[in-house]
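Undergrad: Take this structure first; my questions come after.
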Amino acid sequence: MMRWNVAGVWNKDEELWNYVTSFECICLVETWLEEKIWMAWKRKLNSGFMWWNFAARREKKKGRVSGGILIAIRKEWIGGKECEAKEVSKSVVKVSIEKEMQVYAIYNQGNLK
4 MMRWNVAGVW
14 NKDEELWNYV
24 TSFECICLVE
34 TWLEEKIWMA
44 WKRKLNSGFM
54 WWNFAARREK
64 KKGRVSGGIL
74 IAIRKEWIGG
84 KECEAKEVSK
94 SVVKVSIEKE
104 MQVYAIYNQG
114 NLK
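Take 4 as the starting number for the sequence shown in the numbering used here and just add one per residue.
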């Protein structure tokens, strides 16, 4: 399993993505991916994974977005089992692999108690 604060995903090179996709479960936080960018960007991702994006949010009208969580589970690793991902709170995402396993991605911006 890999968890990484990436400080934006679009500026990462191919060699780095090859390393990231060597893991079975990937949790990337601080992706800065807004929903509109995600729709175009997801086509570039490794198709051997199930991908879920929990979009970054713009706190103010101007300025850059913050946050964002990108989760991936290698399809081969779960062997065709049903998976679902849902946002538990603003900074917590839960991936359930049938009733066998749960993976949590937590992004603490200093506001979790």
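Glycine included, C-beta positions come from ideal geometry on N, C-alpha and C. Owing to the predicted nature of the structure, the values given are computational and were not obtained by experimental measurement.
#1: From the DSSP output, in three-state form, read off Arg46 for me.
#2: Is there a Cβ from chain C that is less than 7 Å from the Cβ of Met5?
#3: Should Trp55 be labelled buried (16 or more other beta-carbon atoms within 10 Å of its own) or exposed?
#4: With which residues is Trp139 paired in a DSSP beta bridge?
#5: In terms of residue numbering, what span does the alpha helix (DSSP H) encompassing Asn21 cover?
#6: Return the residue from the list Lys84, Val98, Gly83 that minimises the CA-CA distance to Glu90.
#7: Ile81 and Ile100: beta carbons closer than 7 Å?
#8: Ends of the alpha helix (DSSP H) at Glu79?
#9: Thinking Arg67 and Trp35 are a contact (beta carbons under 8 Å), I'd like their distance in whole angstroms, please.
#10: Go ahead and pull the three-state DSSP assignment for Lys89.
TA: Walking through what the data contain:
#1: helix
#2: The structure shown has no chain C; it contains just one protein chain.
#3: buried
#4: Here the chain covers residues 4 to 116 and nothing more, so residue 139 does not appear.
#5: 17-23
#6: Val98
#7: yes
#8: Run containing Glu79: 78-81, per the alpha helix (DSSP H) assignment.
#9: Between Trp35 and Arg67 the Cβ distance is about 7 Å, and since that is below 8 Å, they are a contact.
#10: For Lys89, the secondary structure class from DSSP, reduced to helix, strand or coil, is strand.
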